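One structure is given here, and the rest of the page talks about it.
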Amino acid sequence: MSWRSIGIVYRKELIDSLRDRRTVISMIVIPVLAMPLLTVGIGYLSVSLIARARREVSRIMVLGGADSPGVVDALRGTEKIELAPESPDFATQLENKQIRAAVEIPPGFEAALKGSDSPTVTIFYYEDETRSDIAVERLNAFFNHLKGATVQQRLVAHDLPPGLAQPFEILSKNAVSPEKLFGNRFGAIIPYFIILLCMTGAMYPAMDLTAGEKERGTMETILCSPVPRTGLVIGKFLMVLTASLATAALALVSMAFSVVVVLQSKGVLDGPEGLRMAVHATSVFGVFAMILPIAMLMSLVMLTISLFAKSFREAQSYLSPMTIVVIFPAIFSMLPGVELNAKTALVPILNTSLVSKEILAGTFHWNYIVLIFASTCVYAALAMVAAVRMFNREEVLFRN
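Quick note: the sequence shown uses the working numbering, first residue 18, plus one each step.
What follows is the structure in structure tokens.
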């Protein structure tokens, strides 16, 4: 087997793939254009919708409160709160979003504030509904302010110092580095995106270089070349791996550029301290180093599966379920309580997601890093053996 022959096969497949519109779309257009729209665009839309919801007036129903006119009037005069007529079907109105919340004021509430009793105010709301949550925030702010004012009045009435109700203050300060914060917040999401993009970038080239060759009738021509079957497999594999890594790299660069542009437009990056790198170059290099063997594994698996298909469409039906196989362990790594250990270090995709999360946080568990890299390389080597064997089976190559 000659590396020169492998290089010739690789260049030939690379040129052919760049001429294929579907491969170019999956490898360049989707990561450069679609991923920023999915990340920045959806995030910007979510922020805009929440901001619009906060500008709206919350329609709230007061239950009871007939003997507490001062509290009701104060609530009516609160900014961005509108009182709805009292009705026994407040729960139905909440479900139908005719009102955003309902507050039940107990009998004698206003009189109890002047004494020493502690009545209970109940707020009814629509859980996990954005506008209802905003209404609850406004009600809590109103009654917390009323609570504080009542405490101060009671202290003054008993000739006690105002600080008696608050003997000390609690000040919380972050003591963790930006790297740790970034890793904790986004460490599980970024590897998930990278792995998914690697699979997306490898899928169409893998199908085109196998099932596509069968449909075009060029598989026989390639097999007649003096290059051994192993060299053909390695050349095709390198092309699929190139597409996989290029897709992930282009998507990340495009996403990073989009985020910087958005933050710059909002003025977040102004000033000498505006742009603070949360991730070191060492962490970025470490993540890509750990992604490399898993990209090799996925490229070889998809190449082997696609070779078994008789047509491009059949290859698509075979590879589509792989999305679930890849996504499930990547999502599993985000669940609370799932940590990197000797057992999870041997599970493909899950181990890469977990160790990448730790690396982005600035923590390098070298024993697990070596174990994960080595085990994934072993899996990739086994996939290479399977691919070579599949290429040596005539009934597979000429299956139609």
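Where a beta carbon is used, it is the ideal one built from N, C-alpha and C, also for glycine.
Source: prediction; values computed, not measured.
key: Reference serine 75; option with closest CA among Pro123, Arg21, Glu154, Ser261   = Here the question's residue 75 lines up with position 58 in the sequence shown. It is Glu154 whose Cα lies nearest to the Cα of serine 75.
query = What span of residues does the alpha helix (DSSP H) with isoleucine 211 cover, start to end?
reply = Against the sequence shown, residue 211 aligns to sequence position 194. 206–225 is the span of the alpha helix (DSSP H), which, as asked, contains isoleucine 211.
query = Which class does leucine 100 belong to by DSSP, given the choice of helix, strand or coil?
reply = Here residue 100 refers to the residue found at position 83 of the sequence shown. Note: leucine 100 maps to strand in three-state DSSP.
inquiry  = Less than 7 Å between C-beta atoms, sequence neighbours within five positions excluded: which residues of the same chain meet that for serine 22?
reply    = The residue given as residue 22 occupies position 5 in the sequence shown. Closer than 7 Å at Cβ, skipping near neighbours: Val244, Gly248.
key: isoleucine 341, DSSP secondary structure in three states   = In the sequence shown, residue 341 corresponds to position 324, counting from 1. Of the three classes helix, strand and coil, the one that applies to isoleucine 341 here is helix, per DSSP.
message = Tell me the rounded alpha-carbon separation between valine 387 and leucine 357.
response = Counted from its first residue, the sequence shown places residue 387 at position 370. Counted from its first residue, the sequence shown places residue 357 at position 340. Cα to Cα, the separation comes out at about 13 Å.
request  = Tell whether a beta-carbon distance below 9 Å holds between isoleucine 311 and threonine 393.
outcome  = Numbered from 1 along the sequence shown, position 294 holds the residue referred to as residue 311. Numbered from 1 along the sequence shown, position 376 holds the residue referred to as residue 393. Contact flag set, yes.
message = Once the 5 residues before and after alanine 332 are set aside, which same chain residues still bring their CB inside 6 Å of it?
response = Indexing the sequence shown from 1 puts residue 332 at position 315. Once the five neighbours on either side are set aside, the close Cβ partners of alanine 332 are Met224, Ala228, Ser323, Ala326.
ask   = Since leucine 377 is in the alpha helix (DSSP H), which residue starts that stretch and which ends it?
value = Numbered from 1 along the sequence shown, position 360 holds the residue referred to as residue 377. Unbroken alpha helix (DSSP H) run through leucine 377: 367–377.
ask   = So leucine 371 packs on threonine 361, CB below 8 Å; how close in whole Å?
value = Stepping through the sequence shown from its first residue, residue 371 is reached at position 354. Stepping through the sequence shown from its first residue, residue 361 is reached at position 344. Sure, about 6 Å apart at Cβ, within 8 Å.
ask   = For the beta strand (DSSP E) that serine 75 lies in, which residues bound it at each end?
value = Residue mapping note: residue 75 aligns to position 58 of the sequence shown, counting from 1. Segment 75–81, the beta strand (DSSP E) holding serine 75.
task = Tell me whether the beta-carbon of methionine 315 lies closer than 9 Å to the beta-carbon of serine 350.
result = For the purposes of this step, residue 315 is taken as residue 298 along the sequence shown, with counting starting at 1. For the purposes of this step, residue 350 is taken as residue 333 along the sequence shown, with counting starting at 1. In this structure, serine 350 does not lie closer than 9 Å to methionine 315 by Cβ.
query = Smallest Cα separation from leucine 418: which of Met319, Met272, Met307?
reply = Nothing in the structure corresponds to residue 418, since the chain is present only between 18 and 417.
key: Three-state secondary structure (DSSP) of alanine 326   = What you label residue 326 is simply residue 309 of the sequence shown in a count that begins at 1. Looking at alanine 326 - three-state DSSP - the assignment turns out to be coil, as it is neither helix nor strand.
ask   = Which word fits alanine 265, buried or exposed, when buried means at least 16 other C-beta atoms lie within 10 angstroms of its C-beta?
value = Start at 1 with the first residue of the sequence shown, and residue 265 comes out as number 248. Classification of alanine 265: buried, given that the 10 Å Cβ count is 16 or more.
inquiry  = How far does the alpha helix (DSSP H) with glutamate 30 in it extend, from its first residue to its last?
reply    = Here residue 30 refers to the residue found at position 13 when the sequence shown is read from its first residue. Run containing glutamate 30: 20–36, per the alpha helix (DSSP H) assignment.
query = Between the Cα of alanine 83 and the Cα atoms of Glu127, Ala391, Pro222, Phe415, which residue gives the shortest distance?
reply = As a working note, residue 83 is residue 66 in the sequence shown. Per the Cα distances, Glu127.
query = Quick one, are the C-beta atoms of leucine 163 and alanine 91 less than 9 Å apart?
reply = Start at 1 with the first residue of the sequence shown, and residue 163 comes out as number 146. Start at 1 with the first residue of the sequence shown, and residue 91 comes out as number 74. In this structure, alanine 91 lies closer than 9 Å to leucine 163 by Cβ.
Neighbour-count burial assignment, cysteine 241, 16 or more Cβ in a 10 Å radius = Here the question's residue 241 lines up with position 224 in the sequence shown. Exposed: under 16 other Cβ atoms inside 10 Å.
Inter-stretch contact at 8 Å, needing at least 3 Cβ pairs: the region 328–346 / the region 393–408 = no
key: threonine 139 - containing beta strand (DSSP E), residue span   = If you number the sequence shown from 1, residue 139 lands on position 122. First-last of the beta strand (DSSP E) with threonine 139: 139–142.
ask   = Of all the options Leu111, Ile211, Ile151, Ile308, which has the alpha carbon lying nearest to the alpha carbon of arginine 71?
value = As a working note, residue 71 is residue 54 in the sequence shown. For the residues Leu111, Ile211, Ile151, Ile308, the minimum Cα distance to arginine 71 belongs to Ile151.
ask   = So what does DSSP say about isoleucine 187, is it helix, strand or coil?
value = Reading the sequence shown from its first residue, position 170 is the one you call residue 187. In the structure shown, isoleucine 187 sits in coil (DSSP, three-state: anything other than H, G, I, E or B).
key: With 16 other Cβ atoms within 10 Å as the buried cut-off, status of arginine 69   = In the sequence shown, the residue the question calls residue 69 occupies position 52. The residue in question, arginine 69, is exposed, as its Cβ has fewer than 16 Cβ neighbours within 10 Å.
key: Contained alpha helix (DSSP H) runs [length at least 4] in the region 223–266, N- to C-terminal order   = 228–233, 236–240
inquiry  = Using a Cβ-Cβ cutoff of less than 6 Å, which residues in the same chain neighbour glutamate 290 once the five nearest sequence positions on both sides are dropped?
reply    = Locating residue 290 in the sequence shown gives position 273, where the first residue counts as 1. In this predicted model, glutamate 290 has a pLDDT of only 42, less than 50, meaning its place in the structure is not dependable enough to derive any value.
ask   = Does the distance from the C-beta atom of threonine 369 to that of leucine 31 stay below 9 Å?
value = Your numbering for residue 369 matches position 352 in the sequence shown. Your numbering for residue 31 matches position 14 in the sequence shown. Cβ atoms of threonine 369 and leucine 31: not closer than 9 Å.
request  = Would you give the residue range spanned by the beta strand (DSSP E) that glutamate 112 belongs to?
outcome  = Translated into positions along the sequence shown, residue 112 becomes position 95. Glutamate 112 -> not in any beta strand (DSSP E); alpha helix (DSSP H) instead, spanning 107–112.
request  = Tell me whether valine 15 sits in a helix, a strand or coil according to DSSP, three-state version.
outcome  = Outside the displayed range of the chain (18 to 417) lies residue 15, so it cannot be described from this structure.
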